[in-house]
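Take a look at the structure below.
Chains as they are written, first to last, in the numbering used here: chain E, 3 to 400; chain B, 64 to 519.
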């Protein structure tokens, strides 16, 4: 194998393909990045696979001699990232890969290509979705996914497809984020569900914003058998023109929580705050709330008071303008307390100038969503308005 | 030239100095659990009472003085205790009753000084020097102690032994020397005389291992230990332990009385009658323990974020494993889930002697759980989906361990004298009644219910 490639194109593709490589691979070959030159015309395919996630990038190179080689992905990523801005020459020399760029020269041992597992086939395409909308929606939802591996189901983002509507949902049982958006299904009337590891999904969506669309491929456990469900994404990287990126990830098994019943139809009261200044204020008072001890919010007709810290500990308070309206009998004031980190996650995910906080009681979940529906937003229903962040308050027993 | 390290003189820290007056009090309730039982169960007054685990591997927690005459003492196995004193009333502990009484007593101690250091439910140090008492002469302290004993008797009906001395060590030894219902002040300057003739096991930190090593160098009494050069003791016991004991043997103790710290953890543990190697059974027990821990936390209005599991293997190796949540919880299922997972990481194939579940990192707030909000309107299906395995069913029928408080719609308040074969035998009496009558009921009798203890 022998090829020449542009430095930036190479570095970006290697970074993409190597990003999911395991830190401590169960078998040595899984630490490898597979380079295949010429097998698909004048292109280089870079692939990685750890039996959970596969990643694949294709870039244009000048192939002098087709062939393939498996090298340490981590090392190749570090090297390619540090190369000078000059063409990169890669050659297989016996059991070694020689990489030269300008006057820099690296010799890397190869791993046995024949031992490398076959990457899973991309399932059939289910539809396409706007790359930016997808990236935003996934980041809004993934923030609420659990990180506790003892409840694997909650470490996933639930994707529900119903014709041209997609619902993304994630919860760590303390908050629940739900986003609805539209997409272009491959066939009308399709219906499917999938549970995708949240971290992988968030990384993927972020890395595929180079093109206009991301295509989603799905084979759910139903047709493939339990534990065999697979979702694939294809799109373009940051610098769009450099070929296609594809990735597949195994779906999580297990029954997802019935979260829809948690979303209330109405609320007793709601408050509207200016998101940026509210975020700043929460961050400030939370300085005295170590280990995410609660921040207390007290809403009156036109103000919200933020407080943190109790007793002999450091304390902080700040008040801000806010609108507060009760749907039932007029309420003098309304107090509720939250984990400040969860509150900030929600405010930042709402991604709107004003945030509407909807309440029922101080012990029931509050809903955060973008406030002030503008005229145009009513038309583009598929955007920010369809995001809800349900946050369970903190109960103070003191 | 000498290096700094070579020049370093042998470390001789300044000797701790006990105070010049006997201003540290040690209060120790006499046979506390048993005394509370005798107070609340008039028919048991003056009779041998043994409180503790009543199962095969149960251990005596407290024996009344009447039972002690038969050679029964705490930490003895329940089997041996029964053999020595078959006529004794064997009762399961009623911790809520003991806690309620303990609170009353600790409050009385806090009237003497803000510096009260509880060691357990029935034992505490009090630093009188911090209490603004004008007269801390031996007689003055004796008067304070006598008044305390009287108030404890009035308020709780119990007797307390009180010792006072110039240090914690002396105060504790004083309360012990004059038990039960004792009052002994060891004046400043009399420490050596008081200590000299006592067995060395009276010193804190001298257990079976240390006392065996001390016996090997001819030390049986505290006086023997005090007579040795410090270096010999250090050679036998190591630097820290050796020096510490040598100082205590000389009555040199300046440990401060530390006011009650907030509790740092809530835990329960059980020693099994037979070693258990079945992970499913252990998990079920861990579930039940998680419920007990959470129950206690909730009563104390606490939550916690670190769950730990303690196990003891047949060879007495004790292991602790813990996991920390992102936010404090008081949800039994969350605690149970982590406990089960931690237990799963332990090799239980050889069986466990003991299992414990605890929660630490305590807070006074709880991050609400969307799926536990209240089961009425929070999606029961969601709940079911989260619970991969069904939690072992809580016993639906009330349990009636001996000693438990019960209420009968017709006969009022009583306690379980025995239960079995579907029958419960109850004696109807309270601390304010004469010894009461005994009646038996079917376990299923709906008029009979477990009840909280009668408190003042």
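For every residue, glycine included, the Cβ atom is placed at its ideal position computed from N, Cα and C. Every value quoted in this text rests on a predicted model; they were computed, and no experiment measured them.
Please return the same chain residues whose Cβ sits closer than 7 Å to the Cβ of residue i, not counting the five positions on each side in sequence.
i             : result
residue 360/B : 329, 366, 367, 393, 422
residue 327/E : 271, 272
residue 220/E : 125, 128, 194, 196, 233
residue 377/B : 338, 413, 414, 416
residue 505/B : 485, 486
residue 138/B : 122, 123
residue 277/E : 349, 352, 354, 355, 356, 357
Identify the contact partners of residue i in chain E, using a Cβ-Cβ distance below 9 Å as the criterion.
i             : result
residue 540/B : Because chain B in this structure spans residues 64 to 519, residue 540/B falls outside the shown range and cannot be described.
For chain B, find out if any of its Cβ atoms is closer than 7 Å to the Cβ of residue i; answer yes or no.
i             : result
residue 176/E : yes
residue 359/E : no
residue 152/E : yes
residue 391/E : no
residue 341/E : yes
Could you tell me the distance, in whole angstroms, from the CA atom of residue i to the CA atom of residue j?
i             : j             : result
residue 69/E  : residue 115/E : 11 Å
residue 352/E : residue 390/E : 8 Å
residue 512/B : residue 471/B : 6 Å
residue 313/B : residue 469/B : 52 Å
residue 132/B : residue 389/B : 53 Å
residue 79/B  : residue 308/B : 12 Å
residue 102/E : residue 65/E  : 15 Å
residue 54/E  : residue 417/B : 39 Å
residue 354/E : residue 324/E : 15 Å
residue 196/B : residue 297/B : 40 Å
residue 287/B : residue 281/B : 8 Å
residue 111/B : residue 148/B : 8 Å
residue 371/B : residue 410/B : 16 Å
residue 96/B  : residue 136/B : 13 Å
residue 500/B : residue 491/B : 6 Å
residue 209/B : residue 203/B : 10 Å
residue 25/E  : residue 303/B : 44 Å
residue 237/E : residue 369/B : 43 Å
residue 38/E  : residue 60/E  : 9 Å
residue 92/E  : residue 58/E  : 19 Å
residue 99/E  : residue 76/E  : 15 Å
residue 340/E : residue 296/E : 5 Å
residue 329/E : residue 360/E : 11 Å
Ordered along the chain, which non-local residues of its own chain (more than five positions away) have a Cβ less than 6 Å from that of residue i?
i             : result
residue 31/E  : 113, 117, 118
residue 189/B : 88, 172, 175, 176, 179
residue 493/B : 476, 517
residue 245/B : 224
residue 78/E  : 16, 35
residue 250/B : 85, 201
residue 338/E : 299, 364, 395
I'd like to know if residue i contacts chain E, where contact means its C-beta is closer than 7 Å to some C-beta of that chain.
i             : result
residue 364/B : yes
residue 406/B : no
residue 448/B : Unreliable positioning characterises residue 448/B in this predicted model, as indicated by a pLDDT of 38, which lies under 50. A coordinate reading is not provided.
residue 390/B : yes
residue 434/B : yes
residue 455/B : Confidence at residue 455/B is low in this model, with a pLDDT of 39, below 50, so its placement is unreliable and no value can be given for it.
Which residues in chain B sit within 7 Å of residue i, going by Cβ to Cβ distance?
i             : result
residue 296/E : 428
Could you tell me which chain B residues have their CB closer than 9 Å to the CB of residue i, listed as they occur along the chain?
i             : result
residue 173/E : 433, 434
Which chain A residues sit within Cβ distance under 9 Å of residue i?
i             : result
residue 284/E : The structure shown contains no chain A; the protein chains it does contain are E and B.
Going along chain E, which residues have a C-beta under 8 Å from residue i?
i             : result
residue 400/B : 152, 153
Output needed for residue i: all residues of its chain with C-beta closer than 8 Å, excluding positions within five of it in sequence on either side, in chain order.
i           : result
residue 9/E : 82, 85, 86, 87, 88, 89, 90, 103
Quiz prompt | Cβ contact check for the stretch 188 to 195 of chain E and the stretch 143 to 155 of chain E: 3 or more pairs under 8 Å | solution = no
Quiz item: Any contact of the stretch 79 to 98 of chain B with the stretch 218 to 227 of chain B, i.e. 3+ C-beta pairs under 8 Å?
Solution: yes
Quiz item: Would you call the stretch 402 to 414 of chain B and the stretch 371 to 391 of chain B in contact, with 3 or more CB pairs under 8 Å?
Solution: yes
Quiz item: Is the stretch 257 to 271 of chain B close to the stretch 125 to 145 of chain B, with three or more CB pairs under 8 Å?
Solution: no
Quiz item: Quick one: any contact between the stretch 200 to 214 of chain E and the stretch 183 to 191 of chain E, if contact means 3 or more CB pairs under 8 Å?
Solution: no
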